[in-house]
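Enquirer: Residue numbers for the sequence shown follow the working numbering, beginning at 1038 and rising by one.
Have a look at this one before I ask anything.
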Amino acid sequence: MLIPAITNKYLSYEWKNFLAGFIITCTSGVIFILLGKLNGTPAIFAITSCTWIALPLFAAIPFYFDNLSYVDALFETISGITTTGATIFNDIEKQSPGILLWRAMLHGIGGFGVITLGIAVFPMLKILGLNNLLYSEYSDATKRKLPNTRSVVIHVTAIYYSLILLCVFSYYLAGMPLFDAICHGMSAVSTGGFANYNDSIGHYNNPMLEVITIIFMILGSLPFLSYLKIIRRLDICHDEQECHYHLDAAYLPSPP
């Protein structure tokens, strides 16, 4: 919340709503930490569940202090974190740069959070056999080449945010203002849909920007473990059926 606060402060917009949200969130976090510590698998499950419940509750505070009802603020927040892209704002162009940036950051946080949850937390909890599901396609020789869970998360994090940076850079080179490029870059890679204008990417009337958006939305929707396998040059890179089916599904509805 500090980044949107600094943005609004620098651009002479209201910024205290973000500062208030930051203080409330940090204070609550300290209280929860002091309440006690848990260990083991039950703790992992409890922390994960509570995080996904608490995150939208606290992330909605800046919207609430920006003259939205808490229900509307919560709707906007959950839409951002889940990368749904639905918005409560009738005219998004009237919102401050901090609000626009915060919406985009929710997409960026939410998109990465789902990836981390699927790769790191679920296998640890052995939920629905997801640990076997993630690695069932590998041979024993390939499994030995795969890094541990912590390393996977680190690499996937680097890949995810590298895609965002590459998208931002591509937008900027194609003529989009830097601030808009940052916001739309997080929105595109997370496949969320939040934009800074009522007409979304169509506001620019620039076909190149639309092509860039399509490319990075497709890249952001592909399995991130596939990127890791390609980078590590594993032998199974050519047999990514999930990627093939996904790309086929994206191509089929396209006009000739």
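Beta carbons are placed, not taken as given, at the ideal position from N, Cα and C, and that holds for glycine.
The alpha helix (DSSP H) with G1229 in it runs from where to where?
Expert: Per DSSP, G1229 is not a residue of any alpha helix (DSSP H), being assigned neither H nor E.
Enquirer: Which two residues bound the contiguous alpha helix (DSSP H) that contains I1070?
Expert: In the DSSP annotation of this structure, the continuous segment of the alpha helix (DSSP H) that includes I1070 starts and ends at K1053 to L1072.
Enquirer: With DSSP run on the structure shown, which of helix, strand or coil describes M1245?
Expert: If DSSP states are grouped into helix, strand and coil, M1245 belongs with the helices.
Enquirer: Straight-line CA distance for M1213 to F1206?
Expert: Across the structure, M1213 and F1206 are spaced so that their CA atoms are roughly 10 Å apart.
Enquirer: May I have the straight-line CA-CA distance separating T1119 from G1148, to the nearest angstrom?
Expert: 7 Å
Enquirer: Please list the terminal residues of the continuous alpha helix (DSSP H) segment that includes L1111.
Expert: Y1107 to I1118
Enquirer: Who are the Cβ neighbours of I1146 in its own chain at under 7 Å, not counting the five residues just before and after it?
Expert: I1118
Enquirer: Determine whether the beta carbon atoms of Y1050 and G1135 lie at a separation below 9 Å.
Expert: yes
Enquirer: Look at the alpha carbon of G1150 and the alpha carbon of S1116, and state the distance between them as a whole number of angstroms.
Expert: 14 Å
Enquirer: Rounded to whole angstroms, what is the Cα-Cα separation between W1139 and L1048?
Expert: 15 Å
Enquirer: Using a Cβ-Cβ cutoff of less than 6 Å, which residues in the same chain neighbour S1133 once the five nearest sequence positions on both sides are dropped?
Expert: N1045 and Y1050
Enquirer: Could you tell me which of H1192, W1052, A1096 and D1217 sits nearest to T1265, measuring between CA atoms?
Expert: The residue asked about is misnamed: residue 1265 is Leu in this sequence, not Thr. Each of H1192, W1052, A1096 and D1217 was checked against the Cα of L1265, and the nearest Cα belongs to H1192.
Enquirer: Between A1097 and E1113, is the Cβ-Cβ spacing less than 9 Å?
Expert: yes
Enquirer: State the start and end residues of the unbroken alpha helix (DSSP H) segment that holds T1044.
Expert: L1039 to Y1047
Enquirer: For T1228, which residues in the same chain have their Cβ closer than 8 Å to its Cβ, ignoring the five residues on either side in sequence?
Expert: T1120, G1148, M1254, G1257 and S1258
Enquirer: Taking C-alpha atoms, which residue in F1069, M1142, L1215 and G1066 lies nearest to H1040?
Expert: The amino acid at residue 1040 is misidentified as His; the sequence shows Ile. Looking at the Cα atoms, M1142 is the closest of the given residues.
Enquirer: Going straight from the alpha carbon of T1062 to that of L1094, what length do you get?
Expert: 10 Å
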